[in-house]
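Protein chains in written order, with the numbering used here: chain C, 3 to 362; chain P, 3 to 362. Heads up, the beta-carbon is just placed ideally off N, CA and C, and yes, glycines get one too.
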């Protein structure tokens with residue numbers, strides 16, 4: 003066994019973030035960073051630390067009537083010539099640049115600073131440092147924990163520290179993938195009037211996509227924005243054959259006032275006359291800003307709340323009946339980009355907001 | 003090396019055809035069938051046999067003033083659960099069903115029967131059994147032979163034994179392939195309004211294809227029939243990304259009164275506003291029925307002549323100044339179809355017509 007990497011939780015949040023980024027932790031390769039997080043938390047006597055795969059859970063048990071989950075994933079998308087971390091400037095401010103700075107070790111650094119630095123919070127806390135958020139659901143640490151130890155996810159409110167420019171992003175849109183299939187009849191292209199060209203028939207599918215008008219419902223005062231897009235199209239047999247199949251793979255991002263079943267029904271009706279095969283689906287999450295715990299957090303942050311367009315694990319908390327928001331440092335548009343970075347000011351700001359809200 | 007498959011040239015043409023069909027010979031995999039053809043012809047002392055890749059050439063040199071090329075390709079389109087050959091009935095007559103029965107091992111069987119059974123023809127003969135007709139020109143055995151040994155293609159007349167229902171089909175339509183490219187701008191599908199979906203833009207390409215009206219000009223008394231078809235469509239980056247490129251590959255079959263340049267100009271104008279990249283082009287062949295050698299063969303067959311819709315290698319002979327026609331067993335409409343078959347009566351009839359015309 004290799005030696006566990008030391009993390010210095012007394013360091014400044016930016017220095018701690020740099021240490022975290024330099025522990026490479028692409029999905030399925032999180033053991034080293036999970037070991038480091040676990041080892042750093044174990045000496046803290048106000049926390050009960052447990053390990054589940056490469057997911058680390060740390061809880062206070064102070065007997066408060068309210069419990070809050072603060073969660074962040076430890077993994078990153080694949081390395082793209084963007085490690086180790088580099089101190090830099092962007093848009094006139096100090097940033098840390100490198101894989102995972104934005105998505106989402108900035109949030110993980112804040113979590114560790116709060117875990118170590120707020121030993122007597124005014125609410126009980128459950129910190130979830132989890133594995134494999136960037137890949138298939140079956141490996142997702144939060145998904146696995148919801149199955150093996152659902153009690154660990156129980157809370158009155160959850161904060162997911164995904165990048166949101168240090169502003170609350172509430173709810174999230176659902177996502178559904180459907181293959182819409184046009185069928186024809188093969189024929190030699192020299193005598194095309196003997197067959198039916200499936201690609202030509204798929205023109206009607208694209209026409210319907212082009213005629214689509216995005217719905218933009220306002221929910222709890224937040225304006226969502228749906229989207230219906232072809233993400234793949236494939237058809238063809240040979241250079242001299244009319245193809246008999248053409249498949250348009252469509253991604254529907256739907257506002258959280260629709261259920262998955264409603265979203266599927268909508269898409270099937272829109273493409274009536276074509277075969278529709280749902281290949282993937284995940285529900286959205288309502289903002290839930292009417293819940294008391296959510297309201298208080300919004301006030302602590304200063305009142306600004308935006309809708310979340312991308313799907314995030316807040317939907318998993320929603321499904322468990324726990325209102326949840328995204329709140330973390332970094333621009334979500336930079337996630338998964340080679341040049342991702344996080345403004346250090348946002349890291350400090352998130353830490354300060356949480357400290358204040360937790361009464362430290 | 004595997005053992006060469008025996009072909010029995012003394013067998014009935016239908017039995018010989020069945021042997022040929024059961025040697026799988028999808029394009030680029032013709033070695034086994036070429037070996038078998040070469041081995042069967044080598045013992046025939048009236049023929050000079052040479053091998054060029056997987057193309058086999060067999061010539062008489064009897065000193066006749068006239069030379070005729072009889073040509074057929076050995077390859078087939080990909081297997082589609084239609085091997086081995088099956089004896090069957092269709093439309094009240096005996097047929098052989100299976101991959102290549104129609105396109106065009108029926109013609110190859112006739113060629114082998116004539117090569118073996120007419121040792122003293124009234125015209126000198128050049129038999130060309132060639133490879134890779136069903137794929138890109140660069141692999142076509144006739145194209146390669148025209149470059150390496152053009153003398154082997156010299157003749158006063160050429161008969162290409164492509165399926166034509168045992169009737170002469172004169173001339174052929176040209177073929178052109180063009181990639182029509184729609185471009186957009188990538189964005190995450192959760193925020194699709196930030197990008198431009200290239201697949202959606204390709205809807206306009208399919209709309210123009212659906213609005214296309216085929217031209218049907220009459221040339222030398224024969225009515226041709228043009229066609230414009232998408233044969234491939236491809237676009238997509240990832241399941242959560244708006245794609246920035248979508249390519250529609252289109253095959254234009256044009257009547258022989260248009261040149262290749264005119265055909266290219268027509269297509270480019272039709273898809274104005276999109277990038278167009280010509281990827282393949284071959285000229286048509288005018289019927290050429292005014293040539294004496296063509297007239298004599300038309301009389302021998304009984305006078306019936308139809309226009310040829312499909313591009314065939316008759317255009318290669320036309321380009322060399324050799325008048326050429328298609329004449330072979332099988333319905334050309336069945337070429338490349340899973341259920342292709344050839345009526346055995348047509349195989350026998352083609353053999354008989356050629357025997358008579360060659361004075362046997």
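TODO: With distances taken Cα to Cα, identify the nearest neighbour of residue 324 (chain C) among C:358, C:83, C:310, C:287.
DONE: The residue with the shortest Cα to Cα distance from residue 324 (chain C) is C:287.
* Asked: Using a Cβ-Cβ cut-off of 6 Å (strictly less than) and excluding sequence neighbours within five positions of residue 129 (chain P), which residues of its own chain qualify?
  -> Exclusion of the five residues before and after residue 129 (chain P) leaves 60, 72, 113, 117 as the residues of its chain whose Cβ lies within less than 6 Å of its Cβ.
Worksheet item: What's the gap between the Cα of residue 66 (chain C) and the Cα of residue 164 (chain C)?
Response: Distance between the alpha carbons of residue 66 (chain C) and residue 164 (chain C) is about 26 Å.
Can the beta-carbon of residue 74 (chain P) be found closer than 8 Å to that of residue 109 (chain P)? In this structure, residue 109 (chain P) lies closer than 8 Å to residue 74 (chain P) by Cβ.
Practice problem: Go ahead and label residue 2 (chain P) buried or exposed: buried means 16 or more other beta carbons lie within 10 angstroms of its beta carbon, across all protein chains shown. | Solution: Because chain P is modelled from 3 through 362, residue 2 (chain P) falls outside the range shown and cannot be assessed.
Spell out the partners DSSP gives residue 309 (chain C) in its beta bridges. Bridge partners of residue 309 (chain C): C:172.
I'd like to know if residue 183 (chain P) contacts chain C, where contact means its C-beta is closer than 8 Å to some C-beta of that chain.
With 8 Å as the cut-off, residue 183 (chain P) does not count as an interface residue toward chain C.
Margin query: On the DSSP letters alone, give me the boundaries of the alpha helix (DSSP H) that residue 89 (chain P) sits inside.
Written below: Where residue 89 (chain P) is concerned, there is no enclosing alpha helix (DSSP H), although the beta strand (DSSP E) it sits in stretches over 88-92.
Inter-residue Cα distance where the pair is residue 285 (chain C) and residue 328 (chain C):
Straight-line Cα distance between these residues: approximately 16 Å.
What first and last residue would you give for the beta strand (DSSP E) that runs through residue 132 (chain C)? It spans 126-132 - the beta strand (DSSP E) in which residue 132 (chain C) sits, taken as one unbroken run.
inquiry  = I need the straight-line Cα distance from residue 233 (chain P) to residue 140 (chain P), nearest angstrom please.
reply    = C-alpha separation (whole angstroms): 20 Å.
With residue 299 (chain P) as the anchor, note down where its alpha helix (DSSP H) starts and where it stops.
-> Looking at the DSSP string, the run of the alpha helix (DSSP H) that includes residue 299 (chain P) is 294-303.
Considering only the beta carbon of each residue, do residue 217 (chain C) and residue 228 (chain C) sit closer than 8 Å? For residue 217 (chain C) and residue 228 (chain C), yes; Cβs fall inside 8 Å.
Taking C-alpha atoms, which residue in P:135, P:138, P:147, P:22 lies nearest to residue 85 (chain P)? With distances taken between Cα atoms, residue 85 (chain P) lies closest to P:22.
Can you tell me which of P:269, P:245, P:5 puts its alpha carbon nearest to the alpha carbon of residue 215 (chain P)? Out of P:269, P:245, P:5, P:269 has the C-alpha closest to the C-alpha of residue 215 (chain P).
Out of P:362, P:331, P:339, state which residue places its alpha-carbon closest to the alpha-carbon of residue 111 (chain P). Selected option, being the one with the closest Cα: P:331.
Worksheet item: With DSSP run on the structure shown, which of helix, strand or coil describes residue 68 (chain C)?
Response: In this structure, residue 68 (chain C) counts as coil in the three-state DSSP scheme.
Can you tell me where the alpha helix (DSSP H) holding residue 352 (chain C) begins and where it ends? Counting along the chain, residue 352 (chain C) sits inside the alpha helix (DSSP H) bounded by residues 346-359.
(Q) Am I right that residue 175 (chain P) and residue 313 (chain P) are in contact with their C-beta atoms under 8 Å? What's the rounded C-beta distance? (A) Confirmed, about 6 Å.
Next item on the list: Check the Cβ-Cβ distances between residue 175 (chain C) and every residue of chain P, and say whether any is below 8 Å.
Entry: Yes, contact with chain P.
Inset, instruction - Under 8 Å by Cβ, that's how I've got residue 338 (chain C) and residue 337 (chain P) pegged, so tell me the actual separation to the nearest angstrom. - result: For a cut-off of 8 Å, the C-beta gap from residue 338 (chain C) to residue 337 (chain P) is around 48 Å, too long to register as a contact.
Range of the contiguous alpha helix (DSSP H) that encloses residue 319 (chain C): Looking at the DSSP string, the run of the alpha helix (DSSP H) that includes residue 319 (chain C) is 316-321.
For residue 274 (chain C), which of C:213, C:303, C:335, C:207 has the nearest alpha-carbon?
Residue 274 (chain C) has its Cα closest to that of C:207, out of C:213, C:303, C:335, C:207.
>> Is there a Cβ of chain P sitting closer than 8 Å to that of residue 192 (chain C), yes or no?
In response: Judged by the 8 Å Cβ criterion, residue 192 (chain C) is in contact with chain P.
- Task: Measure the CB-CB distance between residue 125 (chain P) and residue 70 (chain P) and report whether it falls below 8 Å.
- Result: Taking the C-beta atoms as reference points, residue 70 (chain P) is found nearer than 8 Å to residue 125 (chain P).
By the 10 Å Cβ neighbour count, where 16 or more other Cβ atoms means buried, how is residue 12 (chain C) classified, buried or exposed?
So residue 12 (chain C) counts as exposed.
For this session: Specify the secondary structure class of residue 212 (chain P) as computed by DSSP and reduced to three states.
Result: Residue 212 (chain P) falls in the helix class under three-state DSSP.
- Within-8 Å CB hit, residue 209 (chain P) to chain C: Output row for residue 209 (chain P): interface = yes.
Got a sec? Which residues, its chain only, sit under 7 Å from residue 247 (chain P) by beta carbon, not counting five neighbours each side?
-> Answer for residue 247 (chain P): 183, 185, 200, 237, listed in chain order.
Next on the checklist: Suppose you measure from the CA of residue 308 (chain P) to the CA of residue 282 (chain C); what does that come to, to the nearest Å?
Outcome noted: About 53 Å.
Compare the C-beta of residue 255 (chain P) with all C-beta atoms of chain C and state if any pair is closer than 8 Å.
At least one chain C Cβ lies under 8 Å of residue 255 (chain P).
Identify whether residue 230 (chain C) lies in helix, strand or coil by the three-state DSSP scheme.
Reduced to three states, the DSSP call for residue 230 (chain C) is strand.
Practice item. Identify the continuous beta strand (DSSP E) that holds residue 51 (chain P) and give its terminal residues. Key: Boundaries of the beta strand (DSSP E) around residue 51 (chain P): 50-54.
Please check if any C-beta of chain C sits within less than 8 Å of the C-beta of residue 116 (chain P). Output row for residue 116 (chain P): interface = no.
### Query
Are the CB atoms of residue 115 (chain P) and residue 15 (chain P) nearer to each other than 8 Å?
Going by C-beta atoms, residue 115 (chain P) is nearer than 8 Å to residue 15 (chain P).
- Task: Can you grab the Cα-Cα spacing for the pair residue 51 (chain C) / residue 319 (chain C), in whole Å?
- Result: Distance from the CA atom of residue 51 (chain C) to the CA atom of residue 319 (chain C), rounded to whole angstroms, is 21 Å.
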